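Residue numbers (UniProt numbering): 1 to 253.
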């Protein structure tokens, strides 16, 4: 049935659907830390499903057409229609970039099942990267399902390879963090980073997990340089792990 749908129509649907999901993920980045009480002073009334989307400054409910991904930002001219506070441009840019990435995946790969898996993982990794940059936190409610789904559904590696890959990702990441903790005399062990490494190993298999760790390490070293110049103590590793994970996925398909 899907084969009979014109490609342009399929790609248009992918763009719209990906933009809607990305819009929700951006909302989840803002609200999930409150809902799971990650913040020191969480707003207990704020969850990913309520209240309706509103301006963070004046609390005015956003009109339905203002919630349309990308277009809503343009219609509102990038600001709240009630108090004129600027809407961060990172939201429409995220919607646009993620949607275009998903369109390119479906256009280039052609296989629907593989494209759907890649896009789903990509959007999960986008969410994890975004929330790690904002909160220095990789929520287990995302990393653990990503791990188990890799063990069960990944067809990029054999079952034994997936188990060994997850174990390798765990032990290398854990031991690396323990060594750094000993050298810095400070605890830098991050459970979220370890869980994401396990998930990558489960999806990629043992043959690819070492390449994943190498690529992630290089990316982390490169983008941590500006953080060090600013005097930042803790640099989020989630974006580097996510980038390495996705690059290796593209290698094994």
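Note that beta-carbon positions come from the ideal geometry of N, C-alpha and C, so glycine has one too.
These numbers were taken from a predicted model, which means no experiment stands behind them.
- Are residue 244 and residue 214 closer than 9 Å when you measure CB to CB? In the chain shown, the residue the question calls residue 244 occupies position 244. In the chain shown, the residue the question calls residue 214 occupies position 214. In this structure, residue 214 lies closer than 9 Å to residue 244 by Cβ.
- What's the C-alpha gap between residue 147 and residue 56? In the chain shown, residue 147 corresponds to position 147, counting from 1. In the chain shown, residue 56 corresponds to position 56, counting from 1. Across the structure, residue 147 and residue 56 are spaced so that their CA atoms are roughly 34 Å apart.
Query raised in the report: The alpha helix (DSSP H) with residue 113 in it runs from where to where?
Result: Against the chain shown, residue 113 aligns to sequence position 113. First-last of the alpha helix (DSSP H) with residue 113: 112-135.
Nonlocal neighbours in the same chain, by C-beta distance under 7 Å from residue 164, ignoring five residues either side: Walking along the chain shown from the start, residue 164 turns up at place 164. Around residue 164, the same chain offers 206 as residues with beta carbons nearer than 7 Å, after the five sequence neighbours per side are excluded.
> Relative to the C-alpha of residue 122, which residue among 66, 84, 143 and 135 is closest?
Replying inline: As a working mapping, residue 122 is identified with position 122 in the chain shown. Ranking 66, 84, 143 and 135 by Cα distance to residue 122 puts 143 first.
At which residues does the alpha helix (DSSP H) containing residue 224 begin and terminate? Taking the chain shown and counting its residues from 1, one reaches residue 224 at position 224. Per DSSP, residue 224 belongs to the alpha helix (DSSP H) from 206-229.
- prompt: In terms of alpha-carbon separation, which member of 208, 141 and 14 lies closest to residue 117?
  reply: Here the question's residue 117 lines up with position 117 in the chain shown. Measuring from the Cα of residue 117, the nearest candidate turns out to be 14.
>> Just to confirm, is the Cβ distance from residue 105 to residue 119 under 9 Å?
In response: Start at 1 with the first residue of the chain shown, and residue 105 comes out as number 105. Start at 1 with the first residue of the chain shown, and residue 119 comes out as number 119. Note that the C-beta distance between residue 105 and residue 119 is below 9 Å.
- request: Give a yes or no on contact between the segment 48-67 and the segment 151-166, applying the rule of three or more CB pairs nearer than 8 Å.
  value: By the C-beta criterion, the segment 48-67 is judged not to be in contact with the segment 151-166, since fewer than 3 inter-stretch pairs fall below 8 Å.
Which residue marks the beginning of the alpha helix (DSSP H) containing residue 241, and which one marks its end? Counted from its first residue, the chain shown places residue 241 at position 241. Residue 241 -> alpha helix (DSSP H) spans 238-252.
Self-check item: Extent of the continuous alpha helix (DSSP H) run through residue 174
Solution: Residue mapping note: residue 174 aligns to position 174 of the chain shown, counting from 1. From DSSP, the alpha helix (DSSP H) with residue 174 extends over 159-184.
**Study point:** Range of the contiguous alpha helix (DSSP H) that encloses residue 78
**Key:** Within the chain shown, residue 78 is the residue found at index 78, counting from 1. Run containing residue 78: none; DSSP gives neither H nor E here.
*Whose C-beta lies closer than 8 Å to the C-beta of residue 107 among residues of the same chain, with five residues either side of it excluded?*
The sequence position of residue 107 within the chain shown is 107, counting from 1. So the list reads 7 and 11, once near-sequence residues are dropped.
Three or more C-beta pairs below 8 Å linking the segment 225-240 and the segment 92-99: No, they do not touch.
Problem - Proximity to residue 189 [Cα-Cα], best of 181, 171 and 196 - result: Along the chain shown, one-based indexing puts residue 189 at 189. Nearest to residue 189 by C-alpha distance, out of 181, 171 and 196, is 181.
- When the distance is taken between beta carbons, is residue 139 closer than 9 Å to residue 192? Numbered from 1 along the chain shown, position 192 holds the residue referred to as residue 192. Numbered from 1 along the chain shown, position 139 holds the residue referred to as residue 139. The Cβ atoms of residue 192 and residue 139 sit closer than 9 Å to each other.
Residue from 211, 100, 90 and 37 with nearest C-alpha to residue 19: Here the question's residue 19 lines up with position 19 in the chain shown. From the listed residues 211, 100, 90 and 37, the smallest Cα separation to residue 19 is found for 100.
Outcome for residue 22 when other beta-carbon atoms lying within 10 angstroms are tallied against a minimum of 16:
Working through the chain shown from its first residue, we reach residue 22 at position 22. Residue burial is scored here from C-beta neighbours: residue 22 has at least 16 other C-beta atoms within 10 angstroms and is therefore classed as buried.
Exercise. Going by CA-CA distance only, name the one from 194, 30, 229 and 24 that's closest to residue 131.
Key: What you label residue 131 is simply residue 131 of the chain shown in a count that begins at 1. That would be 30, whose Cα lies nearest to the Cα of residue 131.
Quick check: residue 169 and residue 127, are their CB atoms within less than 9 Å of each other?
Counting from one through the chain shown, the residue named residue 169 turns up at place 169. Counting from one through the chain shown, the residue named residue 127 turns up at place 127. Contact flag unset, no.
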